[in-house]
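A short write-up of the structure that comes next.
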Amino acid sequence: MPLAQISILEGRSEAMISRMAEDVTQAISVALATPRDKIRIVVTEIPTERWFIAGESVGARARAADKG
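Numbering-wise (the UniProt record's numbering), the sequence shown opens with residue 1 and increments by one.
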(Lines of atoms letter the chains of each structure in order from A and count residues from 1; the text may use other names and numbers.)
(Lines give C-alpha, C1' and ligand atoms only; values in the text may rest on other atoms or scores of the structure.)
Protein backbone atom coordinates (compact mmCIF):
# COMPACT_ATOMS: atom_id res chain seq x y z
CA MET A 1 0.00 0.00 0.00
CA PRO A 2 1.79 3.19 -1.16
CA LEU A 3 1.78 6.14 1.23
CA ALA A 4 2.64 9.61 -0.05
CA GLN A 5 3.43 12.25 2.58
CA ILE A 6 3.27 15.78 1.22
CA SER A 7 4.25 18.91 3.14
CA ILE A 8 3.05 22.26 1.80
CA LEU A 9 2.85 25.80 3.10
CA GLU A 10 -0.50 26.68 4.62
CA GLY A 11 -2.92 28.89 2.75
CA ARG A 12 -4.21 26.80 -0.13
CA SER A 13 -7.92 26.08 -0.50
CA GLU A 14 -9.45 22.71 0.28
CA ALA A 15 -10.33 22.42 -3.41
CA MET A 16 -6.68 22.87 -4.41
CA ILE A 17 -5.48 20.30 -1.89
CA SER A 18 -8.15 17.81 -2.94
CA ARG A 19 -7.19 18.27 -6.59
CA MET A 20 -3.53 17.70 -5.74
CA ALA A 21 -4.41 14.52 -3.83
CA GLU A 22 -6.43 13.30 -6.81
CA ASP A 23 -3.57 14.02 -9.23
CA VAL A 24 -0.98 12.36 -6.98
CA THR A 25 -3.23 9.33 -6.52
CA GLN A 26 -3.56 8.99 -10.29
CA ALA A 27 0.19 9.35 -10.84
CA ILE A 28 1.04 6.72 -8.23
CA SER A 29 -1.61 4.37 -9.56
CA VAL A 30 -0.17 4.56 -13.07
CA ALA A 31 3.52 4.55 -12.08
CA LEU A 32 3.23 1.60 -9.69
CA ALA A 33 0.34 -0.24 -11.34
CA THR A 34 -1.49 -0.03 -8.02
CA PRO A 35 -5.26 0.13 -7.53
CA ARG A 36 -6.38 3.60 -6.43
CA ASP A 37 -8.10 2.23 -3.32
CA LYS A 38 -4.73 1.00 -2.01
CA ILE A 39 -3.08 4.45 -2.16
CA ARG A 40 -2.90 6.70 0.90
CA ILE A 41 -1.93 10.36 0.96
CA VAL A 42 -1.17 12.52 3.99
CA VAL A 43 -1.02 16.29 3.48
CA THR A 44 0.60 18.38 6.18
CA GLU A 45 0.19 22.14 6.04
CA ILE A 46 3.11 24.01 7.58
CA PRO A 47 2.74 27.58 8.89
CA THR A 48 5.00 30.08 7.12
CA GLU A 49 6.75 30.80 10.42
CA ARG A 50 7.79 27.13 10.68
CA TRP A 51 9.13 26.69 7.11
CA PHE A 52 12.70 27.92 6.68
CA ILE A 53 14.89 28.71 3.71
CA ALA A 54 18.55 29.41 4.45
CA GLY A 55 17.71 29.83 8.14
CA GLU A 56 14.96 32.43 7.60
CA SER A 57 11.24 31.69 7.85
CA VAL A 58 9.12 32.03 4.73
CA GLY A 59 6.92 34.43 6.68
CA ALA A 60 9.87 36.71 7.48
CA ARG A 61 11.04 36.54 3.85
CA ALA A 62 7.56 37.54 2.66
CA ARG A 63 7.42 40.48 5.06
CA ALA A 64 10.85 41.66 3.92
CA ALA A 65 9.79 41.39 0.26
CA ASP A 66 6.63 43.41 0.99
CA LYS A 67 8.75 46.21 2.45
CA GLY A 68 10.69 46.28 -0.82
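Note that CB positions come from ideal geometry on N, CA and C, so glycine has one too. Bear in mind that the values here come from a model prediction, so they are computed numbers and not experimental data.
Would you kindly work out how many angstroms separate the C-alpha atoms of residue i and residue j, rounded to a whole number?
i	j	result
ILE8	ALA31	23 Å
ILE41	LYS67	37 Å
ALA21	ARG50	23 Å
Check this for me: beta carbons of residue i and residue j, under 8 Å apart or not?
i	j	result
THR48	GLY55	no
ILE28	ALA65	no
THR44	ARG36	no
ARG63	ILE53	no
Residues in the same chain with beta-carbon distance under 8 Å from residue i, minus the five sequence neighbours each way, listed in chain order, please.
i	result
ILE46	SER7, ILE8, LEU9, GLU10
Give me, in chain order, the residues of the same chain whose beta-carbon lies closer than 7 Å to that of residue i; leave out the 5 immediate sequence neighbours on both sides.
i	result
ILE17	VAL43
Length-filtered (3 minimum) beta strand (DSSP E) runs lying within the UniProt domain "4-oxalocrotonate tautomerase-like" (2-61): 3-9, 40-46
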